[in-house]
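68 is the number of the first residue of the sequence shown in my numbering; add one for each residue after it. Everything below concerns the one structure shown next.
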Amino acid sequence: MNKNQGSKKAVVLSGIQPSGHLTLGNYLGALKNWIALQEQYDCHYALVDLHTITARQDPKQLRERCYEFLALYIACGLDPSKNVLFVQSHVPAHARLAWVLNCYTMVGELNRMTQFKDKSQKNANNINAGLYDYPVLMAADILLYQTRFVPVGEDQKQHLELARDVALRFNKLYGDVFQVPEPMIPRVGARIMGLQDPTSKMSKSDGSEANALYLLDPLEVMDRKFRRAVTDSGAEVRYSEDKPGVANLMSILSAITGESFVAIEARFAGQGYGVFKAGVAEVVIETLRPVQARYREIREDEPGLHRILKDGAERAAARAAPVLRRVHEVLGFIPE
Ligand code: TYM
């Protein structure tokens, strides 16, 4: 079977959970890369709503966030005519393949997933089977499109390894059914840390508002968050593991401007943290100012956004159908 069904460009797929609000971590770890890939690859980007219900969601907010995320993707530069932008629940093949892959994933493998352990700890009263099975649905998202590259942040590496292992296992049993995917993790910005607690990852579902920087934060709030970001008792702008706050701010700056850490150190030499933090704030604000302006315009046209999702779901479903059919065929299911 031609793994890249009717397309010569290599397939890229990624997803973000429409839970919470999009953070600078999501932007630098994933979204910024998605935009860079859109010319060269055959890209598919999903709003993974099925994944979000592994934690309780407010239905109204969930719907709102899907539109918000889509409008932000477009405002950041993702072109709906060049990328397949869709909602996971609109393409039933995801859940159908996930069931099959469940039967080719070992409980021992899922037990090792660090995100499951973290999330169970944070949500001790709702450790549901979906949360446990989450990486299998993610493997289905990826394998359904014969995906070659998966642009994600560092925290998704283990899930990607699992998707690769499941694909290899399935292929060993049934022939060359799935493309084995590879992660695409940015060199800088793959793990943006909290502004208040630079020893833990910045996260959409962060309890503390000041810890995460949201792409839609008012610009003056962004400025304040950076100025109050935790650094250390020193004054020297230097990249070092024992200076996690400073290192994080340097990573943010470097990921946006492309400057090396050495160049950043030279630029801020002898200037102290106040000037440095204001410099980082300015770069982030000037990157997001035009994004926010475009966002407001795009978000207003909800019927237009809905059309993009409808079209995206049709295109995604058409790409997924032959892969699911092939999977069912090798398993011995009677063709529909
Ligand atoms: P999610 O929604 O937690 O995060 C979306 C993307 O943002 C990256 N990211 C970060 N990068 C840098 N620094 C951070 N602090 C940071 N926080 C998040 C994540 O690595 C991710 O790339 N399981 C996935 C969603 C998913 C998916 C998929 C991804 C479902 N199916 C298929 C790729 C392919 C998740 O929860 O991402």
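By construction, the Cβ of each residue, glycine as well, lies at the ideal position given by its N, Cα and C atoms.
- Message: Mapping the DSSP letters down to three states, classify Gly-144 as helix, strand or coil.
- Response: Coil.
- Would you tell me roughly how many angstroms separate the C-alpha atoms of Lys-224 and Tyr-201, rounded to the nearest one? 14 angstroms
- Would you list the residues sitting across from Tyr-281 in a DSSP beta bridge? In DSSP, Tyr-281 forms a bridge with Thr-90.
- Query: What are the partner residues of Ala-113, as DSSP defines its beta bridges?
  - Reply: DSSP lists Gly-82, Phe-153 as partners of Ala-113.
- Item | Neighbourhood of Leu-95 by C-beta, 6 angstroms cutoff - its chain only, sequence neighbours within 5 removed | Gly-256, Ile-259, Ala-322
- Message: As a quick exercise: from Ala-383, Thr-354, Gly-261, pick the residue whose alpha carbon is nearest that of Glu-276.
- Response: Nearest C-alpha to Glu-276: Gly-261.
- Query: Grouping DSSP H, G and I as helix and E and B as strand, with all else coil, what is Pro-265?
  - Reply: In the structure shown, Pro-265 falls within a coil segment according to DSSP collapsed to helix, strand and coil.
- Task: Taking only the alpha-carbon atoms, compute the straight-line gap between Lys-76 and Ala-97 and give it to the nearest angstrom.
- Result: 20 angstroms
- Query: Taking the Cβ atom as the reference point for each residue, do Gln-338 and Leu-283 lie within a distance shorter than 8 angstroms?
  - Reply: no
- Item | Exposure of Asn-278, with buried meaning 16 or more beta-carbon neighbours within 10 Å | buried
- Query: Grouping DSSP H, G and I as helix and E and B as strand, with all else coil, what is Val-342?
  - Reply: The answer is helix: DSSP assigns Val-342 an H, G or I state.
- By a C-beta neighbour count over all protein chains shown, 10 Å radius and 16 as the cutoff for buried, is Ser-327 buried or exposed? exposed
- Task: Determine the direct distance from the alpha carbon of Thr-354 to that of Gln-84, and round the result to whole angstroms.
- Result: Distance between the alpha carbons of Gln-84 and Thr-354 is about 23 angstroms.
- Query: DSSP on Met-431, reduced to helix/strand/coil?
  - Reply: The first residue shown for the chain is 68 and the last is 403, placing residue 431 beyond what the model contains.
- Message: Suppose the cutoff is 7 angstroms on Cβ atoms and the five residues either side in sequence are ignored; what does the same chain contact list for Gly-207 look like?
- Response: Looking at the sequence provided, one finds Ala at residue 207 rather than Gly. These residues qualify, in order along the chain: His-161, Leu-164, Ala-165, Leu-168.
- Rounded to the nearest angstrom, how far is the Cβ of Val-79 from that of Phe-216, given a contact under 8 angstroms? 5 angstroms
- Item | Leu-372 to Pro-265 span [Cα, whole Å] | Rounded to the nearest whole angstrom, the CA to CA distance from Leu-372 to Pro-265 is 36 angstroms.
- Whole-angstrom C-beta distance between Tyr-112 and Leu-145, which should lie under 8 angstroms: 7 angstroms
- Separation of Val-347 from Thr-119, as counted between CA atoms: 32 angstroms
- Query: Beta carbon of Gly-312, beta carbon of Val-297: below 8 angstroms?
  - Reply: yes
- Message: Pop quiz: Cys-133 and Leu-114 are said to be a contact at Cβ under 8 angstroms. What is the actual Cβ separation, rounded to whole angstroms?
- Response: 5 angstroms
- Query: Just curious, the beta strand (DSSP E) that Phe-216 is in, first and last residue?
  - Reply: Following the DSSP letters along the chain, one finds Phe-216 inside the beta strand (DSSP E) bounded by residues 216–218.
- Query: Alpha carbon to alpha carbon, how far is Asp-299 from Lys-310?
  - Reply: 7 angstroms
- Quickly, what does DSSP pair Met-260 with across the bridge? List them, please. Lys-268
- Of all the alpha helix (DSSP H) runs that stay within the bounds of the stretch 189–217, which reach a length of 4 or more residues? 196–210
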